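Only one structure is covered here, and it is reproduced in the block below.
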Amino acid sequence: MKILILNCGSSSIKYQLFDMENNEQLLAKGIVEKIGLLGSFIKNTRNDGDEVKLVGDIFDHQQGIEYVLGLLTSKTHGSIESMDELKAVGHRVVHGGEAFNGSVFISDEVIKTMEECVDLAPLHNPPNLKGIYAIKELLPKVPQAGVFDTAFHQTMDPQAYMYAIPYSLYKKYGIRKYGFHGTSHRYVSARAAEILNKDIKDLRIITCHLGNGASIAAIKNGKSIDTTMGLTPVEGLMMGTRSGDFDIGALTYIMQKEEIDLNATNTLINKQSGVLGVSGVSSDMREVEEAAANGNERAKLSLEMYNYRVVKYIGAYTAAMGGLDVLVFTGGIGENADKMRLEILNNFGYLNLLPDAEINKGLRAKEAIITKPESSVIAMVVPTNEELVIARDAYQIVNNL
Amino acid sequence: MIEEKLDDYALGKSSGQKIKKIKAGIVGCGSMGQEIAILIAKAGLEVSFVEISEEKIQESLTSIEKTIDNIIERWGMTSGDKRSIMSRISGSTNYDILSDCSIAIEAINTKKWVPNQPVRKEVFKNIEQVVSNDCIIASNASTVVISDLSVVLDNPSRAIGVHFIAPTLKTEIIEINRCRNTSKATVEFTKKFAATIGKDVVEIMGSPGNISTRIIVAMINEACTLLMEGVAEVADIDTTMMQGYGLQFGPFALADRIGLDKLTKWMEGLYNEYGDVKYKTSPLIRRMVRAGMLGQKVGEGFYMYKPDGTRYSKSGPVRTLGH
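Respectively, the protein sequence lines represent chains Z and F.
According to the working numbering, the first sequence is numbered sequentially starting from 284.
According to the working numbering, the second sequence is numbered sequentially starting from 72.
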């Protein structure tokens, strides 16, 4: 059973094609870039190593997806004989609000509800919807499944997700913590338990998804009880260009002093802050680490701040769960930045967390335990695979139809 | 990696209702044209502009970069935004650059108000010669009736007024001014275009001066009268209007931002159209224009300005300005 996974952004579409009944094999993956812009193209990699780049005009998401389907069914670079082989399409959807606490079969009713969630993620949800409309148009008979970034965190209690602002604002606009990267936190926590051969229901896990965007989740007995991102992805950890936690009073003060409007304020906290804003070097961790190694003080400071926030939240979530059994690193930085991982892990002597510097060193994007056998807390690296989760959910949903 | 053509992989399914890629054209890339160009390119669309000389093209591009640098300085954009915006903007002295545009906007800066708008008509004609049949031809002129310009077109139903209000990058609305010839399709496309570049529209039925210019001109004239009568000083009048009515800028600060020369042009256009004295250029504004006190852009108008745009009050009685 072949399933196509789509992750539609404002001007790009990432896709993967899985063969679910053949060992969940990845048949092809690729990206559609610069939709509606100059120089649009599609890059496709087949599992046998065949690579191709298609160039030409792509005016909208539907056209982009049409070309992807044409490519996947082509004799030259394709992976399937005909479209009939596609049994489902799974979509990554950024914000599901309070309406979705799990993955769903996309019916017209669901689409309507998703349209109502647009206000909560005005940048991300509309392109997600465009992908859904496009499949409806191009493959009307193929069932679609929606997997939400926020769904996994819907198990949080009100004490964790409510903000201390007038309750009426929650009622009126749904202002509360939703959290993101849910699919990733869900996958790596489950995978960690699997690797350890333990029941996730018996574990207190903290998952650190450290990438360009970054969030940490506290997962107690298999359920997310708290996470660092909030109504929007700005809250929580320091990120590449996002500020993370920040005094709102200071923000209004800046707005007044710099005489800036809402747009500029948004750019300030979303695109000009974080590691880039403090270091002045880059939002790319590798470049900042290099600058720090060459003695750039602000680069050094930004890394120290970054790590400190991670350490602080791990401590906070350990307290929230009354202890910690497993600590997982994932995401582009979490999977690759071995030095940073060790610096973070060195702060938990009080939990008798004993990092294994040898194993950790040079470990990149591979599943591994990076603490010593006698450590009370197990720290691990588990590369995330959000697409596979979406494929599995879609598979299950279609099978239950 | 091998490179192939996308077209060979088309399924021919969505081609029936293919959405045309919107490319926008601008004729005249002075301060207004530049802001419109940034606005459109920021939305991800390609923009081509026509200017009268290579030097003017360079000047416009340099000035656009400077404007974006200022915005970055004020936290409004990133250097990545700048790169992608600049890559979408191109200029030429040749109208042919507009040939594949879906909308072409006339935004020329005429020095003075002149009857019948011969220059703008010429621009409209030139645009129509190079663009395709379904390209919208728009004018940003604020005190012109669009039907006066569209008479020179073979297809006047494609003409429409799109009035961007300065500061264009911040103001959230565009006034769309139609006339009886403007087709429904033209209005619909223009609305879609406005939405694409992130603006709401206010639809107006053919009135020179739209809403914004008529009201602002009358208010500034009245403020000048108050000043000349010695009722109050510049800053007091501005503060009263800002605090009393929640305006972002008082009438004099606004006059300085618009530019007193431009304001004079608007006033003459409206006075000529409506014949009402409320639009007649205040003698104070005339005196100041003669004395070169054109407002913020030259560092002096009703207020003084530092190079970074900081405003401060002039010393001495301002009502004698220009004497």
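Glycine included, each C-beta is placed from N, C-alpha and C at the ideal position.
The structure presented is a predicted model; accordingly, all values stated were derived computationally and were not measured.
Candidates ILE348(Z), ASN504(Z), GLN299(Z), ASP391(Z), of which the one nearest SER362(Z) by Cα: Taking the first sequence and counting its residues from 1, one reaches residue 362(Z) at position 79. Ranking ILE348(Z), ASN504(Z), GLN299(Z), ASP391(Z) by Cα distance to SER362(Z) puts GLN299(Z) first.
Specify the secondary structure class of ILE415(Z) as computed by DSSP and reduced to three states. Working through the first sequence from its first residue, we reach residue 415(Z) at position 132. Here ILE415(Z) carries a helix assignment [DSSP, helix/strand/coil].
Please report the residue range of the alpha helix (DSSP H) in which SER467(Z) lies. Your numbering for residue 467(Z) matches position 184 in the first sequence. From DSSP, the alpha helix (DSSP H) with SER467(Z) extends over 465 to 479.
Whole-angstrom Cβ separation of SER357(Z) and ASP340(Z), contact assumed at under 8 Å? To locate residue 357(Z), count along the first sequence from 1; it is residue 74. To locate residue 340(Z), count along the first sequence from 1; it is residue 57. Your pair SER357(Z) and ASP340(Z) does not check out as a contact, with CB atoms roughly 19 Å apart and the cut at 8 Å.
Hey, would you say ILE217(F) sits closer than 8 Å to CYS172(F), going by beta carbons? Within the second sequence, numbered from 1, the residue matching residue 217(F) stands at position 146. Within the second sequence, numbered from 1, the residue matching residue 172(F) stands at position 101. With contacts defined by Cβ atoms closer than 8 Å, ILE217(F) and CYS172(F) do not form a contacting pair.
Assigned exposure category for THR381(F) - 16 Cβ within 10 Å defines buried: Against the second sequence, residue 381(F) aligns to sequence position 310. By the 10 Å Cβ count, THR381(F) comes out exposed.
Between the CA atoms of GLN200(F) and LEU132(F) - distance to the nearest angstrom: Residue 132(F) sits at position 61 when you count from the first residue of the second sequence. Residue 200(F) sits at position 129 when you count from the first residue of the second sequence. Inter-residue distance for LEU132(F) and GLN200(F) is about 26 Å (C-alpha atoms, whole angstroms).
Taking only the alpha-carbon atoms, compute the straight-line gap between PRO405(Z) and GLU144(F) and give it to the nearest angstrom. Your numbering for residue 405(Z) matches position 122 in the first sequence. Your numbering for residue 144(F) matches position 73 in the second sequence. The alpha-carbon atoms of PRO405(Z) and GLU144(F) are separated by roughly 26 Å.
Using a Cβ distance threshold of 8 Å, determine whether the stretch 401 to 418 of chain Z contacts the stretch 368 to 382 of chain Z, with at least three qualifying pairs required. Judged by Cβ distances under 8 Å, the stretch 401 to 418 of chain Z makes contact with the stretch 368 to 382 of chain Z, as three or more pairs qualify.
How would you list, in chain order, the residues of chain F whose beta-carbon sits under 7 Å from the beta-carbon of THR350(Z)? Against the first sequence, residue 350(Z) aligns to sequence position 67. The question names Thr, yet the displayed sequence has Tyr at residue 350(Z). In chain order: LEU77, TYR80, ALA81.
By DSSP's criteria, ALA662(Z) is part of a beta bridge. Which residues make up the other side? Here residue 662(Z) refers to the residue found at position 379 of the first sequence. The partner list for ALA662(Z) (beta bridge, DSSP) reads LEU610(Z).
Residues that DSSP places opposite THR490(Z) in a beta bridge: Along the first sequence, read from residue 1 onward, the residue named residue 490(Z) stands at position 207. For THR490(Z), DSSP records a beta bridge to ALA500(Z), VAL611(Z).
In angstroms with no decimal places, state the Cα-to-Cα distance between LYS285(Z) and GLN679(Z). As a first step, residue 285(Z) must be located in the first sequence, where it is residue number 2. As a first step, residue 679(Z) must be located in the first sequence, where it is residue number 396. Take the alpha-carbon of LYS285(Z) and the one of GLN679(Z): they are about 13 Å apart.
On the three-state DSSP scale, how would you describe SER451(Z)? Reading the first sequence from its first residue, position 168 is the one you call residue 451(Z). In the three-state reduction of the DSSP assignment, SER451(Z) falls in the helix class, which pools H, G and I.
Reference SER150(F); option with closest CA among GLY560(Z), LEU320(Z), LYS644(Z), LEU369(Z): For the purposes of this step, residue 150(F) is taken as residue 79 along the second sequence, with counting starting at 1. Out of GLY560(Z), LEU320(Z), LYS644(Z), LEU369(Z), GLY560(Z) has the C-alpha closest to the C-alpha of SER150(F).
Beta carbon of LYS270(F), beta carbon of ILE245(F): below 8 Å? As a working mapping, residue 270(F) is identified with position 199 in the second sequence. As a working mapping, residue 245(F) is identified with position 174 in the second sequence. Yes; because the gap between Cβ atoms is below 8 Å, this pair is in contact.
Could you pull out every unbroken beta strand (DSSP E) segment of at least 3 residues lying fully inside the stretch 200 to 224 of chain F, listed in chain order? Listed in chain order, the complete beta strand (DSSP E) runs (minimum 3 residues) inside the stretch 200 to 224 of chain F are 207 to 210.
Considering just the uninterrupted stretch of the alpha helix (DSSP H) at TYR374(F), what are its terminal residues? In the second sequence, residue 374(F) corresponds to position 303, counting from 1. Here TYR374(F) belongs to no alpha helix (DSSP H); instead the beta strand (DSSP E) covers 374 to 376.
Whose C-beta lies closer than 7 Å to the C-beta of SER134(F) among residues of the same chain, with five residues either side of it excluded? What you label residue 134(F) is simply residue 63 of the second sequence in a count that begins at 1. Closer than 7 Å at the Cβ level, and outside the excluded window around SER134(F), lie GLN105.
Return the chain-ordered list of same chain residues with a C-beta closer than 8 Å to the C-beta of ALA621(Z), the five sequence neighbours on each side being excluded. Start at 1 with the first residue of the first sequence, and residue 621(Z) comes out as number 338. One point to set straight first is that residue 621(Z) is Asp, not Ala, in the sequence displayed. So the qualifying residues of the chain are ASN643, LYS644, GLY645, LEU646, ARG647.
Quick one: residues in its chain with C-beta nearer than 6 Å to the C-beta of GLN437(Z), no 5 flanking neighbours on either side, listed in chain order? Residue 437(Z) sits at position 154 when you count from the first residue of the first sequence. ASN384, listed in sequence order.
Give me the subset of the stretch 236 to 258 of chain F whose CB atoms are less than 7 Å from a CB atom of chain Z, sorted by chain position. Cβ contacts with chain Z come from LYS241.
May I ask which residues mark the beginning and end of the beta strand (DSSP E) holding GLN129(F)? Position 58 of the second sequence, counted from the start, is the residue given in the question as residue 129(F). Going by DSSP, GLN129(F) is part of no beta strand (DSSP E) but of the alpha helix (DSSP H) stretching over 125 to 144.
Does any CB atom of chain Z fall closer than 8 Å to the CB of LEU355(F)? Here residue 355(F) corresponds to residue number 284 of the second sequence, with the count starting at 1. Not an interface residue.
Using a C-beta cutoff of 8 Å, does GLY147(F) count as contacting chain Z? Counted from its first residue, the second sequence places residue 147(F) at position 76. At least one C-beta of chain Z is nearer than 8 Å to the C-beta of GLY147(F).
Which class does TYR350(F) belong to by DSSP, given the choice of helix, strand or coil? Within the second sequence, numbered from 1, the residue matching residue 350(F) stands at position 279. Three-state result, TYR350(F): helix.
Strictly below 7 Å CB to CB, what residues from chain F border ASN682(Z)? As a working note, residue 682(Z) is residue 399 in the first sequence. Those within 7 Å of ASN682(Z) in chain F number zero; the least Cβ separation is about 28 Å.
Kindly provide the ranges of any beta strand (DSSP E) runs that are 3 or more residues long and lie completely inside the stretch 337 to 378 of chain Z, ordered along the chain. With a minimum length of 3 residues, the continuous beta strand (DSSP E) runs that stay inside the stretch 337 to 378 of chain Z are 369 to 376.
Mapping the DSSP letters down to three states, classify LYS255(F) as helix, strand or coil. Indexing the second sequence from 1 puts residue 255(F) at position 184. If DSSP states are grouped into helix, strand and coil, LYS255(F) belongs with the helices.
Assuming SER150(F) is part of the alpha helix (DSSP H), what are its boundary residues? By 1-based counting over the second sequence, the position of residue 150(F) is 79. Note, SER150(F): alpha helix (DSSP H), 150 to 159.
Give me the DSSP bridge partner(s) of THR509(Z). Residue numbering aside, residue 509(Z) sits at position 226 when the first sequence is read from its first letter. Before going further, note that residue 509(Z) is Asp rather than Thr in the sequence given. Beta-bridge annotation (DSSP): ASP509(Z) is paired with ALA501(Z).
Identify, in the order they occur along the chain, each residue of the same chain with its Cβ nearer than 7 Å to the Cβ of PHE373(F), setting aside the five sequence neighbours on each side. Taking the first residue of the second sequence as 1, we reach residue 373(F) at position 302. Within the same chain, PHE373(F) has close Cβ partners VAL305, PHE323, ALA326, ASP327, VAL389.
Residue-chain proximity (ILE109(F), chain Z), Cβ-Cβ < 8 Å: Taking the first residue of the second sequence as position 1, residue 109(F) is located at position 38. Not an interface residue.
Please check if any C-beta of chain F sits within less than 8 Å of the C-beta of LYS419(Z). Taking the first residue of the first sequence as position 1, residue 419(Z) is located at position 136. So no, LYS419(Z) is outside the interface.
Are GLY527(Z) and GLY496(Z) close, meaning C-beta to C-beta below 8 Å? Taking the first sequence and counting its residues from 1, one reaches residue 527(Z) at position 244. Taking the first sequence and counting its residues from 1, one reaches residue 496(Z) at position 213. For GLY527(Z) and GLY496(Z), no; Cβs fall outside 8 Å.
Could you check whether the Cβ of MET72(F) sits closer than 8 Å to any Cβ belonging to chain Z? Counted from its first residue, the second sequence places residue 72(F) at position 1. The Cβ of MET72(F) sits closer than 8 Å to at least one Cβ of chain Z.
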